[in-house]
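Structure record follows, encoded as structure tokens.
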Amino acid sequence: MRSIDIRATLAIVAIAVLASTPQAASADVSAFIGSVSFDEEADLDNSLGVGLRWGKSSGVLAGETSLMIARPERGSAGESVTSIFYEGRILVNIPVGQVMPFVGVGFGAITTTSASADIPADSDAAATEALEAISDLQTNSAFSYGAGVRYALSDRMDARFDVRQYQVLSAKSFVADELGVEIDEKTVQHSELSVGVVVRF
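First residue of the sequence shown? That's 17 in the numbering used here, and the numbers climb one at a time after it.
Written as structure tokens, this is what we have:
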């Protein structure tokens, strides 16, 4: 009975918080620039990233889509590659006035061009050709989590700071399943530290 009372109290408090929060903007868009740190297992140097976020990210419970492009260099080969981060996110904002901290989780994909796959020496011609094709374009699923803060500059504009960690599932596991080629399966971690401007509509 007591646990029911506690849950009811928490539900009432949550409804009161939502009701007392100013009506969120119908939509917003954010342009940002950041530093992207790649896992050393990915053989990519740290890089500058630029991107856009759009959705409804200023309510207590909010959602957004994020697109970021980075141009790191591959350390071993000295070649430039393009990494595209694309994902949907759920955000929980903590409205405490002009400063609004938030936390969020996301799921999406990271596509990397000109990524080199490790091709075993004993691969047959078909497997080698398939691995070389995959090495030109790799898309890996990614889960992310992070936190940040928004600072109100005006009624319709905020400054936004984000720190985010990406858990990237390796595409090599899918190659191994399809071709029966033994390739180490790895999950790598990338991180993002970014600053941007949010405009609400």
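Heads up, the beta-carbon is just placed ideally off N, CA and C, and yes, glycines get one too.
None of these values were measured; they are calculated from a predicted model.
Where residue i sits in the DSSP three-state scheme
{"i": "Glu57", "result": "helix"}
{"i": "Ala47", "result": "strand"}
{"i": "Asn156", "result": "strand"}
{"i": "Thr203", "result": "strand"}
{"i": "Phe217", "result": "coil"}
{"i": "Leu185", "result": "strand"}
{"i": "Ser42", "result": "coil"}
{"i": "Leu169", "result": "coil"}
{"i": "Glu194", "result": "Confidence is the limiting factor: at Glu194 the pLDDT is only 45, short of 50, which leaves the residue's position unreliable and the question unanswerable from this model."}
Which residues DSSP lists as bridging residue i, in chain order
{"i": "Phe118", "result": "Asn109 and Gly164"}
{"i": "Ser63", "result": "Val52"}
{"i": "Thr81", "result": "Trp70 and Gly104"}
{"i": "Gly75", "result": "DSSP lists no partner for Gly75."}
{"i": "Ser99", "result": "Ala86 and Thr128"}
{"i": "Gly91", "result": "Per DSSP, none; premise fails for Gly91."}
Cβ-based neighbour list, residue i, same chain, cut-off 6 Å, excluding 5 preceding and 5 following
{"i": "Ala86", "result": "Val52, Ser63, Gly65 and Ser99"}
{"i": "Phe177", "result": "Gly164, Val165 and Val211"}
{"i": "Met84", "result": "Gly65, Gly67 and Phe101"}
{"i": "Glu194", "result": "Below a pLDDT of 50, predicted positions are generally treated as unreliable, and Glu194, at 45, falls in that range; no measurement from the model is reported."}
{"i": "Val119", "result": "Val108 and Ala163"}
{"i": "Arg69", "result": "Ser46, Glu80 and Ser82"}
{"i": "Gly50", "result": "Gly65, Glu208, Leu209 and Ser210"}
Own chain residues within Cβ distance below 8 Å of residue i, not counting five before or after
{"i": "Ser114", "result": "In the sequence on display, residue 114 carries Gln and not Ser. Taken in chain order, the residues that qualify are Tyr167 and Ala168."}
{"i": "Met173", "result": "Val213, Val214, Val215 and Arg216"}
{"i": "Gly12", "result": "Shown here, the chain extends from 17 to 217; a query on residue 12 therefore has no answer."}
{"i": "Glu57", "result": "Lys202 and Val204"}
{"i": "Asp55", "result": "Val184, Val204, Gln205 and His206"}
{"i": "Ser42", "result": "Lys72 and Phe217"}
Sequence-distant residues of the same chain with beta carbon closer than 7 Å to residue i, five excluded per side
{"i": "Ser96", "result": "Arg87 and Glu89"}
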